[in-house]
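Residue numbers (our numbering): 84 to 219.
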């Protein structure tokens, strides 16, 4: 884990050292714009999907509500990253970028835990998910 942290810090130092007066290299700006556009699009589509399903996902209503909130927060964090960069508030921009990246990382780690917990303890979906035809 420390190696990942240092890799992240080194890449930030490299971006900021190229043209610090402009806030980094051109590639950082364009990849950031692509990231924000993709994140906001994914957030809107994910929230729309949860609403279309009526919060009845494979994990039940709780999972639907959690995914709706997490997806909405992901879009907000990505949008705030762009807003703070546009305002040239780079410390706040960095903080919002880390929040947005964490929102991407959290579901991936959840999936790893889910697979491990299923293998170790077994899994039985909630009753409302089993009774709903669109569920499991």
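Think of the CB as a built atom: it goes at the ideal place given N, C-alpha and C, for glycine as much as any other residue.
query, result
"Cut-off 7 Å between Cβ atoms - residues of its own chain near residue 122, not counting five sequence neighbours on either side", "157, 158, 161, 183"
"Sub-7 Å separation of residue 154 and residue 185 beta-carbons", "no"
"Simplified DSSP state of residue 110, which is helix, strand or coil", "helix"
"Start and end residues, alpha helix (DSSP H) containing residue 138", "Per DSSP, residue 138 belongs to no alpha helix (DSSP H) and is neither H nor E."
"Any beta strand (DSSP E) of 3 or more consecutive residues that is wholly inside the segment 141-216", "none"
"Rounded straight-line distance, which links the Cα of residue 190 to that of residue 115", "21 Å"
"Check whether residue 179 and residue 201 have beta carbons under 7 Å apart", "no"
"For residue 104, three-class secondary structure by DSSP", "Legend: pLDDT at residue 104 = 47, less than 50; position of this residue unreliable, value from coordinates given subsequently. Residue 104 falls in the coil class under three-state DSSP."
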